[in-house]
Amino acid sequence: MKLLIRVPSDGFATEPIERCPLCLSSDVKLSFLKYGDPYFTCRECETLFLAKRPTVIKIKQCYSETGDISLIPKMRQFDRNDIPERWIRYFKTIEEIRCDSGGRHLDIGCGAGECLIASKHMGWKSIGVEVGKSAADFVKDKLQLEVINKDFMEIQFDKESFGLVTINEALEHMIDPLKTIEKAVGLLKPGGVFVYSVPSIEFIGYKAFGRLWHMIHSAHLQYFSKKAVQSIAKRYGLKVSKIYSLGGGAQGSRVAMNILRTDIAWTVFSYFTMCRARLFATDKPVGWFSSQDERNKDPRMRMRQAMDNLIKRTRVLWDILGFPIHFLSKVLDRQQSVIVFCVKEGQGKSSNGLS
């Protein structure tokens, strides 16, 4: 199953925003353009964000059609004695914060269900929420786990009814992440744990290559900073207990090098094209938020496939280029994703800034 095209502008980024999506500050500046898309940096919390976004309707349409289908071929069921190291560390950290384990767990944007499987084996009674029908059907039918196939913001849960709420690799795709966080925190019991993982601008790849880095693409609407994490915690009455970084995103550090190989290759490609929109000028640009039929008809998809084949044939070269970045990222704990563990202390502020 092929991944969606990542590099060119999605062509549906038409909704401008004038303030930071994570701290709501209007003190922002233009950092760069990539394939015609404007990326701004917040002077207050240092968040990097896409200043023109697809509409809410277009994003819902995209993810309801696809969900996290790219992970389904990689998914496997595992038992209590075979939990991947990433999830052992994840849930052990939660146990250390709570001084116990078990209880009700809500996983928002559960994708192909890997977190739900680990959660079940670690003693939690878990339920997933996934807007993508294909992914939700996979979790329900193949993994035999409980999942709700709806937009999280449209589902009614009892307040303070969960001991653990997690959002893995999803907040960066949301138009208004603060509303999602506000609702998620409201579902936590006092002393409950809120965990989220997001792409970090502290990552060495971004520090070294800036806009050329492959992971700067229009599917990620915002990239989190350490200051943004603290701002979110303060706003919603959370205490940040621990933060650590992880390479390889949802697939885990075991395949970080494989992902990095492609990232390095596409970063070089971005350099030669200079991230210029005119090289991809068409009557209707195609990208992340286009339908499958639209992507298949676009000439850039054929170019993408040709580039992917070239990358496979020259994989040793990309390994040589990528290994130093991969090694330094691990040593300095500045990898692609950051995982934030918070405890609910008291009543925070709402997304409009009111108590």
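So for the sequence shown, our numbering puts the first residue at 477; every next one is plus one. Note that the Cβ used here is the ideal one computed from N, Cα and C, for glycine as well.
CB of residue i within 8 Å of CB of residue j, strictly
{"i": "I837", "j": "F633", "result": "It is not possible to answer for residue 837, since the shown part of the chain is limited to 477 through 831."}
{"i": "K568", "j": "G667", "result": "no"}
{"i": "I677", "j": "Y699", "result": "yes"}
{"i": "I651", "j": "V816", "result": "no"}
{"i": "E658", "j": "V674", "result": "no"}
{"i": "I570", "j": "L640", "result": "yes"}
{"i": "F638", "j": "H690", "result": "no"}
{"i": "S717", "j": "C818", "result": "yes"}
Coil, strand or helix - residue i by DSSP
{"i": "Q812", "result": "coil"}
{"i": "G604", "result": "strand"}
{"i": "S707", "result": "helix"}
{"i": "N644", "result": "strand"}
{"i": "H597", "result": "helix"}
{"i": "K683", "result": "helix"}
{"i": "Y566", "result": "helix"}
{"i": "F633", "result": "coil"}
{"i": "H690", "result": "coil"}
{"i": "P484", "result": "With a pLDDT of 35 at P484, under the threshold of 50, the modelled position of this residue cannot be trusted; read the value that follows with caution. Looking at P484 - three-state DSSP - the assignment turns out to be coil, as it is neither helix nor strand."}
{"i": "K510", "result": "strand"}
{"i": "E572", "result": "helix"}
{"i": "K665", "result": "strand"}
{"i": "S610", "result": "helix"}
{"i": "P675", "result": "strand"}
{"i": "E494", "result": "coil"}
{"i": "I559", "result": "coil"}
{"i": "K618", "result": "helix"}
{"i": "I787", "result": "helix"}
{"i": "M650", "result": "coil"}
{"i": "C879", "result": "Here the chain covers residues 477 to 831 and nothing more, so residue 879 does not appear."}
{"i": "L500", "result": "coil"}
C-alpha gap between residue i and residue j, whole angstroms
{"i": "C499", "j": "D555", "result": "40 Å"}
{"i": "K505", "j": "D617", "result": "47 Å"}
{"i": "C521", "j": "Y720", "result": "19 Å"}
{"i": "D606", "j": "E590", "result": "Note that residue 606 is Glu in the sequence shown here, rather than Asp. Cα to Cα, the separation comes out at about 13 Å."}
{"i": "L592", "j": "L664", "result": "18 Å"}
{"i": "I692", "j": "V671", "result": "23 Å"}
{"i": "I493", "j": "D769", "result": "29 Å"}
{"i": "R810", "j": "L797", "result": "18 Å"}
{"i": "T523", "j": "G599", "result": "36 Å"}
{"i": "R495", "j": "I559", "result": "41 Å"}
{"i": "S507", "j": "E491", "result": "18 Å"}
{"i": "P800", "j": "G604", "result": "37 Å"}
{"i": "A704", "j": "G578", "result": "29 Å"}
{"i": "R574", "j": "S595", "result": "15 Å"}
{"i": "N463", "j": "V669", "result": "Any answer about residue 463 is impossible in this case: the structure gives the chain only from 477 up to 831."}
{"i": "E636", "j": "S602", "result": "15 Å"}
Residue i burial status per 10 Å Cβ neighbour count (16 or more: buried)
{"i": "Q812", "result": "buried"}
{"i": "F803", "result": "exposed"}
{"i": "R789", "result": "exposed"}
{"i": "E572", "result": "exposed"}
{"i": "R519", "result": "exposed"}
{"i": "K534", "result": "buried"}
{"i": "A510", "result": "Looking at the sequence provided, one finds Lys at residue 510 rather than Ala. Per the 10 Å Cβ criterion, buried."}
{"i": "V792", "result": "exposed"}
{"i": "K626", "result": "exposed"}
{"i": "E645", "result": "buried"}
{"i": "K715", "result": "exposed"}
{"i": "L697", "result": "buried"}
{"i": "I564", "result": "exposed"}
{"i": "K528", "result": "buried"}
{"i": "D513", "result": "buried"}
{"i": "A588", "result": "buried"}
{"i": "A660", "result": "buried"}
{"i": "A612", "result": "buried"}
{"i": "A695", "result": "buried"}
Per DSSP, cross-strand counterpart(s) of residue i
{"i": "F525", "result": "F516, Q698"}
{"i": "F670", "result": "V641, C818"}
{"i": "V716", "result": "C818"}
{"i": "D583", "result": "G604, T642"}
{"i": "L722", "result": "S813"}
{"i": "K792", "result": "According to the sequence shown, residue 792 is Val rather than Lys. In the DSSP output, where bridge partners are listed per residue, V792 has none listed."}
{"i": "K505", "result": "T517"}
{"i": "V623", "result": "G604"}
Beta carbon proximity, residue i to chain D, threshold 8 Å
{"i": "T656", "result": "Protein chains in the displayed structure number just one, and chain D is not present."}
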